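Visitor: So for the sequence shown, this note's numbering puts the first residue at 149; every next one is plus one.
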Amino acid sequence: FTTGTGEKTIMVEKWSMLSKALLPLPAKWHVLKDTEQRYRQRYLDLIANPEVRELFNKRTQLVREIRNYLFDRGFLEVETPMMQAIAGGAAAKPFVTHYHALGSDMYLRIAPELYLKRLLVGGFDKVFELNRNFRNEGLSRTHNPEFTMLEIYEAYSDLRGMRALIEGMITHVSQAVFGTLKVGTPTMPIDLTPPWREATYRDLIKEKMGADWFDLPLAEARAKAEAAGLSLAPEWDMLMVTHEVYE
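In structure tokens:
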């Protein structure tokens, strides 16, 4: 046929691609089961395993509902610097880079905390950031050096106010995304129905390790911890445990 500009062109009514698949996709009925390959080639995991795609969809909905919940309560979403002159706000080893324009080393942030608190000082009473942090530490299937974290700050509030905010947010997100407050797995069910139980860290440890846990001699405590399947750092002692509990 002839185009509007007078160019003769072939009209395609039907076509079929004939090519050899040098890297065929995983078999449809055998899916992709190797965990290492699934994590390293996530695109194959998404093609082969529909339940993984659904999980990704749920994550997108979850992030949206977190934002909606906070927006509805007057919080302002902000973006603070990811490249910082001082890596602060948490205890972690940072990634280091060099900023040539200033001739100085900079750090990928390990937390947005310090900049968010500056906004509180500047008069923004309710702020949050849902974004990436970077910590130059271990790497495993359950620990990634680049991860998404939510930080929320509210002026004139306290522990009780933040506790109520988080309880409300999690129950709202669960109901909106999953349609239920009972989540988890058959072997580890979680009931998010409020009000949630409140307990001190010390009491929770005593529930698992015994009421006399903090009075045990070091050797006996170490043996009891190892018998419970806990891995202990070489420098571990009861003084460390007690200090962490009170801190």
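Cβ atoms here follow ideal geometry from the backbone N, Cα and C, with glycine treated the same way. For clarity, every value in this text was computed on a predicted model and none was experimentally measured.
#1: What is the rounded straight-line gap between the Cα of Phe99 and the Cα of Phe282?
#2: Leaving out five residues on either side along the sequence, give the residues of the same chain with a beta carbon under 8 angstroms from the beta carbon of Phe219.
#3: Is it true that the CB of Thr319 sits closer than 9 angstroms to the CB of Lys330?
#4: Compute the beta-carbon to beta-carbon distance between Leu250 and Phe276, rounded to the nearest angstrom, for a pair I have assumed lies under 8 angstroms.
#5: By the three-class DSSP mapping on this structure, what secondary structure does Tyr394 have?
#6: So, are the CB atoms of Lys241 and Asn284 less than 9 angstroms apart?
#7: Of the residues Ser167, Gly154, Phe149, Arg345, which one's Cα is nearest the Cα of Glu161?
#8: Once you ignore the five residues that flank Glu202 on each side, which residues in its own chain have a CB closer than 6 angstroms to its CB?
#9: Can Ser305 and Leu313 be called in contact, C-beta distance under 9 angstroms?
#10: At the level of alpha carbons, what is the spacing between Asn197 and Thr348?
#11: Looking at the structure shown, is Ile338 part of a helix, part of a strand, or coil, going by DSSP?
#12: So, Phe295 versus Arg280, is the Cβ gap smaller than 9 angstroms?
#13: Please report the distance separating the alpha-carbon of Gly332 from that of Ala324.
#14: Measuring CB to CB, does Leu278 end up less than 9 angstroms from Val200?
#15: As a quick exercise: from Gln232, Glu261, Arg266, Gly270, pick the residue whose alpha carbon is nearest that of Asp253.
#16: Helix or strand or just coil, what does DSSP make of Gly286?
#17: DSSP three-state label for Val226, please.
#18: Can you list the alpha helix (DSSP H) stretches of 4 or more residues lying completely in the stretch 181-222, in chain order?
#19: Following the continuous alpha helix (DSSP H) through Gly316, name the residue where it begins and the one where it ends.
#20: Return the chain-ordered list of same chain residues with a C-beta closer than 7 angstroms to the C-beta of Thr425, the five sequence neighbours on each side being excluded.
Guide: Judging by the given coordinates:
#1: The structure shown does not extend to residue 99, since the chain is modelled only from 149 through 395, so no value can be given for it.
#2: Glu225
#3: no
#4: The Cβ separation is near 29 angstroms, so there is no contact.
#5: Residue placement at Tyr394 is flagged as unreliable, the pLDDT there being 43, under the threshold of 50; the coordinate-derived value follows with that caveat. Tyr394: helix per DSSP, three-state reduction.
#6: yes
#7: Phe149
#8: none
#9: yes
#10: 41 angstroms
#11: strand
#12: yes
#13: 16 angstroms
#14: no
#15: Gln232
#16: coil
#17: coil
#18: 183-188, 190-196, 198-220
#19: 307-326
#20: Residue 425 lies beyond the residue range present for the chain, which begins at 149 and ends at 395; the question has no answer from this structure.
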